[in-house]
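Visitor:
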Amino acid sequence: MSGQGLTGLSSRSRRLVAAGVLVWCLISVFPLYWVVVTAFKTPPGVVGGPTYIPFVDFTPTLQPFIDLYQGIRGEFFRTFLNSTIVGLSAAAIATAVGAMAAYALVRFEFRVRFGAGLIFFLLALGGYLLFSNSLGFTRAQALLLAFPIALAAAILANRLPLPGPILGNEDILFWFVSQRMFPPIVAAFALYLLYSEIGRLGFQLIDSYVGLTLCYVAFSLPIVVWLMRDFFEAIPIEVEEAAMVDNVPSWRIFLGIVVPMSMNGLLATFMITLAFVWNEFLFALFLTNSRWQTLPILVAGQNSQRGDEWWAISAAALVAIIPMMIMAGLLSRMMRSGLLLGAIK
Amino acid sequence: MMRNDPIKHVFIWPAVLVVLAISIFPLIYSFTTSFLSYRLIPPIPPRVVWFGNYASLLQEPRFWNAIFTTTLIAFIAVGLQYVIGFGVALALNARVPGERLFRVALLLPMLLAPVAVALVARMIFNPTMGPLNQFLSMFGLANLPFLTNGRWALACIVAVEIWQWTPFVILMMLAGLQTLPEDVYEAAELENASAWQQFWGITFPMMLPISAAVVFIRLIESYKIMDTVFVMTGGGPGVDTETLTLFAYQEGFKKFNLGYTSALSFLFLIAITIIGVTYLALLRPHLEKRR
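Chains A and B are the protein sequences, given in the same order.
Start counting the first sequence at 9; every next residue gets the next number (the working numbering).
Start counting the second sequence at 1446; every next residue gets the next number (the working numbering).
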């Protein structure tokens, strides 16, 4: 943990290095400072050219925030509430569901036959095409019919001695993580089509709480599974073994022993997921339009709606940023305790 | 130790089902759509065209332009992020004075919404009200057309990407640096190896696996760039800064050209996979040597 790599440096070059880091820090912080000061400026204060120091260069005002709260440029309050509700619930569900899966992948053995996976894919695709093209179902009906059938068939097929490789826990983990690799536009656009098809059946998923939360849970899961697996692997197995000797059921081992022991990890994962959901733009752009619009969409809209009203834009951006600033403070504290060590292994 | 207990299914199935429902189902759906000619505005009923969408995309100069732009942004931004990030991580690891203070400041940019960051960037790059042009004019430079000239706009987007994501590199590299064994450095000290020799002989090779992973993650993520470009330039001027995701958005959401957009997103997926596989294949010999 001590400083290697630069130990051979003279004190002069050490100072040079420190100066370099300081410059990078100033570059990092200046844009943030700029939003903060701009958010307190009056319109003429902005248009007159750059000013830097409140009370010296310009007289600060709260007007941009008052406008924001009164919803002069979009329903700000409601949007903020949406972001908070969707963010908190999606992060909580994703952390819970993902932690369970990660625990299962660390402690239990899974074997999936490659053939079964193939059967699932072929039946899903084939069944969907058959139902929608030949049997006259709508696309959403065809999807909703084909997938359970394909899934059931695949689960049954997994018990048969099919030829081909057998996939273990590592492969399942890779499958989870690889979901993060493909460009979200592929999923976002398809999800929009799927949601609107299902909407025609009567369940509204576009611009709805359920639709948006479900989507965020699914796209946070890879990172949750990835991070949590390392935390669970770091937990000494002896405690669990002792409990197993006493015949404590697995779910109680998980809830009573494992979860409390990895509380730090769960908390950090929850915060990282929350940051991801809070800032997410593309899915929100596709899947919401008015009622469940989130902050990034509103903030982006400030730009085009009424021209460049920088004071208003700054105030909106600042409000979107502040929760994440608090998170940065909390996370940086956890960072010191080696939080991310596991994530890069 | 692995154990076998039927309850394992209760643990894993919720996650599998959510991922299947939300990302695999739509994938199959859009896969089939990509072989159709299907428009909502103006409404044209679906008609099977097989590879027609793919063929017309590959002949579309705008598509190649988007690929080129995205690649340019991703490679330049990630390269510079890596160099700066590694440097700062080394410095922080060597315990430069004030290291604790730097940590929050360094973590901040990557937690902020890219949309908000892009708006702030627009303010800073603003030719008349922005502080950057005022700063540059102190050195006698004329007002620069930051976001209105294609090349400058591209450079600005790259700068914003670097600003936002270098912290990620710093964070990961710092975590990696802290796992390096100390005795190797002590031995190098005894040999009177200079700091530069120590870096190229020990630190860099030992950090290679982590570096490879960090660059890989950043590269893949950079290819998805959308929010920043959407807000900063909207792809303009013209289509000079249009990235792949933005192009797909324009086709899908402005023209509702469903089959075409599906085909586009699949080509994108193929491109990402090719880049990922090539990258891993190129690096594998170097990584295995170190083990």
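Beta carbons are placed, not taken as given, at the ideal position from N, Cα and C, and that holds for glycine.
Please decide whether A/Gln71 counts as near chain B, where near means a Cβ-Cβ distance under 7 Å.
Guide: So, not an interface residue.
Visitor: For chain A, find out if any of its Cβ atoms is closer than 7 Å to the Cβ of B/Met1618; answer yes or no.
Guide: No, its Cβ sits nowhere closer than 7 Å to a Cβ of chain A.
Visitor: Where does A/Gly337 land, buried or exposed, given buried means 16+ other C-beta within 10 angstroms?
Guide: Flag for A/Gly337 reads exposed.
Visitor: Which residue comes first and which comes last in the beta strand (DSSP E) that contains B/Arg1492?
Guide: Where B/Arg1492 is concerned, the enclosing beta strand (DSSP E) stretches over Ile1489 to Val1493.
Visitor: Considering just the uninterrupted stretch of the alpha helix (DSSP H) at A/Arg147, what are its terminal residues?
Guide: Segment Arg147 to Ala165, the alpha helix (DSSP H) holding A/Arg147.
Visitor: Please report whether the beta-carbon of B/Lys1699 lies at a distance below 7 Å from any beta-carbon of chain A.
Guide: Judged by the 7 Å Cβ criterion, B/Lys1699 is not in contact with chain A.
Visitor: If you compare alpha carbons, which of B/Val1676, B/Pro1654 and B/Glu1631 is closest to B/Gln1643?
Guide: Taking only the C-alpha atoms, the option nearest B/Gln1643 is B/Glu1631.
Visitor: Let me check understanding here. Comparing Cα to Cα, which of B/Leu1535, B/Leu1577, B/Ala1598 and B/Leu1664 lies closest to A/Ala26?
Guide: Taking only the C-alpha atoms, the option nearest A/Ala26 is B/Leu1535.
Visitor: Residues of the segment 1478-1504 of chain B with a CB closer than 8 Å to any CB of chain A: list them in chain order, please.
Guide: Residues Thr1478.
Visitor: Along chain B, which residues have their Cβ under 7 Å away from the Cβ of A/Ser340?
Guide: Simply Arg1548, Val1549 and Leu1552.
Visitor: Please list, in chain order, the chain B residues whose beta carbon lies closer than 8 Å to that of A/Ala109.
Guide: Here the neighbours are Phe1456, Ile1457, Pro1459, Ala1460 and Val1461.
Visitor: Report, in whole angstroms, the separation of the C-beta atoms of A/Val43 and B/Ala1550, which I expect to be a contact under 8 Å.
Guide: Not really, about 15 Å apart at Cβ, beyond 8 Å.
Visitor: Determine the contact status of A/Phe155 and A/Ala124, defining contact as a CB-CB distance below 7 Å.
Guide: For A/Phe155 and A/Ala124, no; Cβs fall outside 7 Å.
Visitor: Would you report the Cα separation of A/Val266 and A/Phe240, rounded to the nearest angstrom?
Guide: Whole-angstrom Cα-Cα distance: 8 Å.
Visitor: Among B/Gly1704, B/Leu1728, B/Pro1590 and B/Thr1515, which one has its Cα closest to the Cα of B/Pro1488?
Guide: Checking every option, the nearest Cα to that of B/Pro1488 belongs to B/Gly1704.
Visitor: Would DSSP call B/Leu1481 helix, strand or coil?
Guide: It is a strand residue.
Visitor: Between the alpha carbons of B/Val1494 and B/Thr1516, how many angstroms are there, rounded?
Guide: Spanning the two alpha carbons is a distance of roughly 30 Å.
Visitor: Distance cutoff 7 Å, beta carbons only. Does B/Thr1706 sit that close to anything in chain A?
Guide: Answer yes: the Cβ-Cβ gap between B/Thr1706 and chain A drops below 7 Å somewhere.
Visitor: Within 10 angstroms of its Cβ, does B/Trp1645 collect 16 or more other Cβ (buried), or is it exposed?
Guide: Counting Cβ neighbours within 10 Å, B/Trp1645 comes out exposed, since fewer than 16 surround it.
Visitor: To be precise: take each residue of the segment 1647-1667 of chain B, compare its Cβ to all Cβ atoms of chain A, and keep it if any distance is under 7 Å. Which residues remain?
Guide: Residues Thr1648, Ile1655, Ala1658 and Ile1665.
Visitor: Can you pull the chain B neighbours of A/Met269, defined as C-beta to C-beta under 7 Å?
Guide: Within chain B, no residue comes near A/Met269; the closest Cβ sits about 17 Å away, beyond 7 Å.
Visitor: Suppose the cutoff is 7 Å on Cβ atoms and the five residues either side in sequence are ignored; what does the same chain contact list for A/Ile206 look like?
Guide: Here the set comprises Ala148 and Leu213.
Visitor: Considering only residues of the same chain and omitting the five flanking positions on each side of B/Leu1691, which have a CB-CB separation below 7 Å?
Guide: The answer, listed in chain order, is Met1671, Val1674, Phe1675 and Gly1680.
Visitor: Go to B/Asp1672, then tell me how far its alpha helix (DSSP H) extends in each direction, as first and last residue.
Guide: That run of the alpha helix (DSSP H) goes Asp1672 to Met1677.
Visitor: What did DSSP end up calling A/Phe294 once you bin it into helix, strand or coil?
Guide: If DSSP states are grouped into helix, strand and coil, A/Phe294 belongs with the helices.
Visitor: If you compare alpha carbons, which of B/Ser1479, B/Arg1492 and B/Gln1526 is closest to B/Arg1737?
Guide: Nothing in the structure corresponds to residue 1737 of chain B, since chain B is present only between 1446 and 1736.
Visitor: Write down the C-beta distance between A/Asn287 and B/Ala1558 rounded to the nearest angstrom, noting that I regard them as a contact closer than 8 Å.
Guide: Confirmed, about 4 Å.
Visitor: Take the Cβ of A/Asn141 as the centre, count every other Cβ of all protein chains shown within 10 Å, and call the residue buried at 16 or more, exposed below.
Guide: Looking at its Cβ environment, which holds fewer than 16 other Cβ atoms inside 10 Å, A/Asn141 is exposed.
Visitor: For the segment 181-202 of chain A, which residues have a beta carbon sitting closer than 9 Å to at least one beta carbon of chain B?
Guide: Going along the segment 181-202 of chain A in chain order, one finds Trp183, Phe184, Gln187, Arg188, Met189, Phe190, Pro191, Pro192, Ile193, Val194, Ala195, Ala196, Phe197, Ala198, Leu199, Tyr200, Leu201 and Leu202 with a Cβ nearer than 9 Å to chain B.
Visitor: Looking at the structure shown, is A/Met9 part of a helix, part of a strand, or coil, going by DSSP?
Guide: At A/Met9, the pLDDT of 37 sits below 50, so the modelled position is not reliable and the matter cannot be decided from this model.
Visitor: Taking Cβ positions, are B/Val1629 and B/Ile1647 nearer each other than 7 Å?
Guide: Yes, Cβ-Cβ distance for B/Val1629 and B/Ile1647 is below 7 Å.
Visitor: Along the segment 1578-1593 of chain B, where does the CB come closer than 8 Å to a CB of chain A? Name the residues.
Guide: Those residues of the segment 1578-1593 of chain B that come within reach of chain A (Cβ to Cβ, closer than 8 Å) are Gln1579.
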